[in-house]
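K.L.:
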Amino acid sequence: MSSNNSSSVNITVSDRVSLPQSVLICTFVSSSLSIIGAVVIFITYCLVTVAKNQTRRLLVYLTIADLMTAVGNLIGASRYALRNETEYLTSRHQMQNTCITTNAVCEVQSFVTTFSSLSSFFWTSIIMVHIMMTLITQREWSNLRNRVIYHCVSWGVPLGITFLALSYDVLGEDFFTNTGPWCWIKGCLHQPKVFLWMTLTGKGWEILTYFLTMTFYIIMKIYMWKKRLRFRDRSHHYLREEDELYILIFFVIIILRAAGTIRFLYAIVEDTNNTPDTFDMILLHIQSFGDSAQAFANCILFCFRDTAVRQDMWNRVRGIGKPMRGEAPLLENTVN
469 MSSNNSSSVN ITVSDRVSLP QSVLICTFVS SSLSIIGAVV IFITYCLVTV AKNQTRRLLV
529 YLTIADLMTA VGNLIGASRY ALRNETEYLT SRHQMQNTCI TTNAVCEVQS FVTTFSSLSS
589 FFWTSIIMVH IMMTLITQRE WSNLRNRVIY HCVSWGVPLG ITFLALSYDV LGEDFFTNTG
649 PWCWIKGCLH QPKVFLWMTL TGKGWEILTY FLTMTFYIIM KIYMWKKRLR FRDRSHHYLR
709 EEDELYILIF FVIIILRAAG TIRFLYAIVE DTNNTPDTFD MILLHIQSFG DSAQAFANCI
769 LFCFRDTAVR QDMWNRVRGI GKPMRGEAPL LENTVN
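If you count the sequence shown from 1, position 208 lands on 676 in the working numbering, and the numbers rise without skipping.
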């Protein structure tokens with residue numbers, strides 16, 4: 469039956485639209501760097517006592533989500549790299565006709581990365597809320613009740629949205645319509661339906677995160693300006709001076725994911741499904757690196773640029789007996 473279907477599909481040279489190897493390399497490199505970056509963040513959280521406050525704990529939760537995204541995109545890119553092109557194109561034609569058949573690995577990867585990406589957006593916004601409210605109120609904003617809410621929202625809502633997409637059978641092979649060499653929403657669906665589900669399962673929440681985190685950043689800057697204060701003037705008890713780096717987290721997500729958002733908006737008005745043009749191909753390379761790179765970027769920002777963390781780990785690497793003891797733990801009573 470499979471051979472009959474294959475023979476009935478007329479695959480021409482013009483159909484053979486494949487991603488360039490450079491796109492796969494971008495995904496492999498960024499995913500691998502993010503996996504390494506996530507491990508470094510976990511290690512520094514466990515070892516560097518001076519930096520173990522609630523802000524850092526929220527970063528760990530964000531990193532768990534970003535690690536899942538990096539691993540998922542790495543698996544998706546590997547699946548694409550190891551594909552048989554004839555079978556891949558045959559499946560593409562069959563899906564365009566029936567929109568039923570999909571690859572199991574592709575569907576699972578789509579489920580995982582959809583969930584983890586949504587969770588990453590929520591944790592990013594929560595970190596900004598935590599910094600802003602703790603800075604303004606000068607008390608531990610992320611108490612037990614709020615931490616329970618954080619987890620319910622940041623894990624529960626993405627899981628509900630992803631299961632909704634799964635129940636409607638829209639997760640699967642999108643033939644890199646608006647992604648890199650990984651799977652998301654089935655590209656064989658009617659175009660308005662594709663964009664609707666992409667908005668619901670990712671891009672809508674991503675754009676909302678841009679505006680929310682930017683708004684929180686502006687609120688904090690206005691507050692500090694009105695009070696004639698610098699961050700370090702308010703960074704004691706519950707915040708460290710280095711925690712100012714965390715308010716830059718919205719720059720990270722915008723810089724890394726802007727290319728994918730532009731591609732998404734560009735695809736709404738232009739037909740890029742079959743042969744991506746030069747502009748779309750440039751954005752595709754940037755997206756293939758950026759969508760998987762957040763854990764790596766966070767590692768640079770919150771490990772290597774954090775003086776206390778950097779010095780503590782450097783002392784350990786050099787084998788200088790005890791780690792830094794310059795400060796006491798900031799939140800001794802914080803509940804895991």
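Backbone N, C-alpha and C fix where the C-beta goes; we use that ideal spot for every residue, glycine too.
1. Under the rule that 16 or more other beta-carbon atoms within 10 Å means buried, what is Y513, buried or exposed?
2. On the DSSP bridge assignment, give the partners of L733 in chain order.
3. Tell me whether S486 sits in a helix, a strand or coil according to DSSP, three-state version.
4. By Cβ distance below 7 Å, which residues in the same chain neighbour R615 in space, the five residues on each side in sequence not counted?
5. What residue ranges within the segment 648-682 form continuous alpha helix (DSSP H) runs of no fewer than 4 residues, ordered along the chain?
6. Would you tell me roughly how many angstroms separate the C-alpha atoms of L515 and F631, rounded to the nearest one?
7. Which same chain residues end up closer than 6 Å to S498 when comparing Cβ atoms and leaving out the 5 residues on each side of it in sequence?
8. Can you tell me which of the three DSSP states G640 falls into?
9. Counting Cβ pairs closer than 8 Å, one from the segment 609-627 and one from the segment 648-656, do we hit at least three?
10. Under 7 Å Cβ to Cβ from F663, same chain only, skipping five residues before and after it: list those, please.
11. In chain order, what residues of the same chain lie with their CB nearer than 7 Å to the CB of E455, ignoring the 5 residues before and after it?
12. If you draw a straight line from the alpha carbon of V720 to that of N541, how long is it in whole angstroms?
13. Could you name the residues of the same chain whose beta carbon sits closer than 7 Å to that of L713, not counting the 5 residues immediately before and after it, in chain order?
14. Could you please give the first and the last residue of the uninterrupted alpha helix (DSSP H) stretch that includes W623?
15. Once the 5 residues before and after I595 are set aside, which same chain residues still bring their CB inside 8 Å of it?
16. Can you give me the start and stop residues for the alpha helix (DSSP H) that L530 sits inside?
P.N.:
The answer reads as follows:
1. buried
2. Its beta-bridge partners do not exist; DSSP assigns none.
3. coil
4. none
5. 659-666
6. 36 Å
7. If the five residues before and after S498 are omitted, its C-beta is found closer than 6 Å to the C-beta atoms of F757, S760 and A761, all from its own chain and listed in chain order.
8. Reduced to three states, the DSSP call for G640 is strand.
9. no
10. Only I736 meet the Cβ criterion.
11. The structure shown does not extend to residue 455, since the chain is modelled only from 469 to 804, so the question has no answer here.
12. 19 Å
13. L769, F770, R773 and D774
14. Run containing W623: none; DSSP gives neither H nor E here.
15. T523, L526, L527, L530, Y714 and I717
16. Q522 to A549
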